[in-house]
Amino acid sequence: MDIREPERRASFTGASTLREGGIVMITFQSRATPDVVMLRDLAQYLLGLVGKRLDTRGVIPHDELPGAISRLETAISDDDKAEAALEALHDARDRNEDAGGGLAQRAWPFLDMMREAYRQDADISWGL
117 MDIREPERRA SFTGASTLRE GGIVMITFQS RATPDVVMLR DLAQYLLGLV GKRLDTRGVI
177 PHDELPGAIS RLETAISDDD KAEAALEALH DARDRNEDAG GGLAQRAWPF LDMMREAYRQ
237 DADISWGL
């Protein structure tokens with residue numbers, strides 16, 4: 117293998133990770149939606165919010181999606197409230213903007229995937 121090419125491994129779900137210079141990408145898959153790819157750290161954080169762990173293989177079954185969606189929506193709402201409170205404490209010109217965006221922006225593709233998977237009676241899976 118050429119060291120300039122990223123290492124790619126597939127799991128039982130067809131999901132994969134991409135390793136390049138220490139960066140690991142996680143691919144979430146569902147038959148209801150296109151794949152959602154994100155950095156491992158973000159995937160681990162979002163899965164924690166919905167009550168799951170980033171293990172070698174994982175699934176959010178259709179029957180668990182309503183609770184997972186609700187937990188993620190609550191976390192986004194709480195993050196928005198905290199951001200609004202922070203803005204109230206600091207003058208806008210003195211604040212440093214977070215280049216990564218808020219939780220709503222970072223979680224949107226995953227939340228959208230969960231909603232559509234629920235509508236179409238599908239699961240969400242991932243694998244390392």
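For the sequence shown, our numbering begins at 117 and goes up steadily by one.
Beta carbons are placed, not taken as given, at the ideal position from N, Cα and C, and that holds for glycine.
Keep in mind the model is a prediction, meaning the values are calculated, not measured.
Notebook entry, point to check: Taking the Cβ atom as the reference point for each residue, do Asp239 and His178 lie within a distance shorter than 8 angstroms?
Noted result: Stepping through the sequence shown from its first residue, residue 239 is reached at position 123. Stepping through the sequence shown from its first residue, residue 178 is reached at position 62. A distance below 8 angstroms separates the beta carbons of Asp239 and His178.
Checklist line | Backbone secondary structure at Gly183 - three-state DSSP | finding: By 1-based counting over the sequence shown, the position of residue 183 is 67. In the three-state reduction of the DSSP assignment, Gly183 falls in the helix class.
Checklist line | Alpha-carbon to alpha-carbon, Ile176 and Met230 | finding: The residue you call residue 230 lines up with position 114 of the sequence shown. The residue you call residue 176 lines up with position 60 of the sequence shown. About 9 angstroms.
Margin query: Pull the bridge partners of Gln145 from the DSSP assignment, please.
Written below: Here the question's residue 145 lines up with position 29 in the sequence shown. Paired residues: Ser241.
Note to self: Quick check on Asp151: does DSSP put it in helix, strand or coil?
What the structure shows: Your numbering for residue 151 matches position 35 in the sequence shown. It is a strand residue.
Item checked: Pairwise C-alpha distance: Ile142 and Ile185 -> Locating residue 185 in the sequence shown gives position 69, where the first residue counts as 1. Locating residue 142 in the sequence shown gives position 26, where the first residue counts as 1. Cα to Cα, Ile185 sits roughly 19 angstroms from Ile142.
Next item on the list: Have a look at Pro182, Lys197, Val152 and flag the residue whose alpha-carbon is nearest the alpha-carbon of Ser241.
Entry: As a first step, residue 241 must be located in the sequence shown, where it is residue number 125. In terms of Cα proximity to Ser241, the closest of Pro182, Lys197, Val152 is Val152.
Checklist line | Inter-residue spacing [alpha-carbon to alpha-carbon] between Arg156 and Lys168 | finding: Along the sequence shown, read from residue 1 onward, the residue named residue 156 stands at position 40. Along the sequence shown, read from residue 1 onward, the residue named residue 168 stands at position 52. In a straight line, the C-alpha of Arg156 is about 14 angstroms away from that of Lys168.
Checklist line | Same chain, Cβ closer than 8 angstroms to Asp195, neighbours up to 5 away in sequence not counted | finding: Here residue 195 corresponds to residue number 79 of the sequence shown, with the count starting at 1. The answer, listed in chain order, is Gly218, Leu219, Ala220.
Item checked: Close beta carbons around Arg187, own chain, < 7 angstroms, minus the five adjacent residues each side -> Counting from 1 along the sequence shown, the entry for residue 187 is found at position 71. Closer than 7 angstroms at Cβ, skipping near neighbours: Leu165, Val166, Gly167.
Margin query: Please identify the residue among Leu163, His206, Glu180 whose C-alpha is closest to the C-alpha of Arg222.
Written below: Translated into the one-based positions of the sequence shown, residue 222 becomes position 106. Taking only the C-alpha atoms, the option nearest Arg222 is Leu163.
Notebook entry, point to check: Where Asp171 and Trp224 are concerned, what is the direct C-alpha to C-alpha distance, given to the nearest angstrom?
Noted result: Mapped onto the sequence shown, residue 171 falls at position 55. Mapped onto the sequence shown, residue 224 falls at position 108. Rounded to the nearest angstrom, the two C-alpha atoms are 22 angstroms apart.
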